[in-house]
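Single-structure report; data block below.
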Amino acid sequence: MLAAGVSRVAECTTAISEAGIYPASEDTLLLAWFVGRIAPARVAVEVGCGSGLVTAELANRSEYVVGIDISERAVLATKSRTAALPNVDVVVSDKLAAVRSSSVDLVVSNPPYLPCDYCDEPLWCGGTTGVEFSEELVAQASETLRTDGSLVILTSSLSDVGRLIECMRKTLGEVVVEEEHRIGLFETLYILRARKTLPRGDAVPEKVLRGKGEGAEQGLRPPRVQ
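In full-length UniProt numbering, the protein residues as written are 1 to 226.
Written out as structure tokens, the structure is:
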């Protein structure tokens, strides 16, 4: 179902686990603003938590929040920002690999979305068309979201937005373009929201994160503190 470019994204996850922290930029601020306006969620996850700005905002509107990043430096930064928030956990993981099936009400992400090789610039590049990384996330979200749960993704007009919308629609169901934000003369940011309406079977687990051993092969590992 996914394009060949997705496998290229998967190949690079180990190589970029030591990557830097995506700086809080205009897209980050837009997503944080949007998160502050949506209905509260019981369990929310941010994929690509970076500096922790959006994870902290989610914590104000959710009973329990998990911040996820493949970069250990980003995980430590988010842990520092959310240290005073008792309803937040932060883990190193490849997208939603550390999260149990049908355990989450809301997934939020500002993924890399520029049309370039993810292995070269993992903080910005989302694959050949800019949406390969996001397509993998959509596929994983279809498993981790409960029915009627939502996936919120920020993307750019520089990527293949139409392809991403179609992927979200076919995989999850209903899709809405929630926000459009112009940047300069040549780029528009979009916030897309898909609600999981296609049935996958919701046997709700007692816990959200996979346990020790259960998540090792799935990409879950504790951050290494230097």
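Built from N, CA and C at the ideal position, the CB exists for glycine as well. Values in this document were obtained by computation on a predicted structure and should not be read as measured data.
Taking the Cβ atom as the reference point for each residue, do A84 and L53 lie within a distance shorter than 9 Å?
It is not a contact, given that the beta carbons lie outside the stated cut-off.
DSSP beta-bridge partners for P115?
In the DSSP output, where bridge partners are listed per residue, P115 has G127.
Return the CA-CA distance between E136 and P86, expressed in angstroms with no decimal places.
Linking E136 to P86 through their CA atoms gives a straight-line distance of about 30 Å.
Could you check where the beta strand (DSSP E) with I68 kicks off and where it finishes?
For I68, the enclosing beta strand (DSSP E) starts and ends at S62 to D69.
Do you know whose CA, among I68, S134 and L172, lies nearest S150's CA?
Nearest option by C-alpha distance: L172.
Indicate whether the contact test is met: 3 or more Cβ pairs, each with one atom in the region 62–81 and one in the region 124–143, closer than 8 Å.
No, because fewer than three Cβ pairs between the region 62–81 and the region 124–143 fall closer than 8 Å, the two stretches do not touch.
Note down, one range per segment and in chain order, each beta strand (DSSP E) of at least 3 residues found wholly within the region 144–187.
Correct list: 145–156 and 175–183.
Quick check on the burial criterion: 16 or more other C-beta atoms within 10 angstroms. Buried or exposed for A59?
When all chains shown are included, A59 counts as buried.
DSSP three-state call for E121: helix, strand or coil?
Three-state result, E121: coil.
Under three-state DSSP, which class holds A139?
Assignment of A139 by DSSP, reduced to helix, strand and coil, places it in the helix class.
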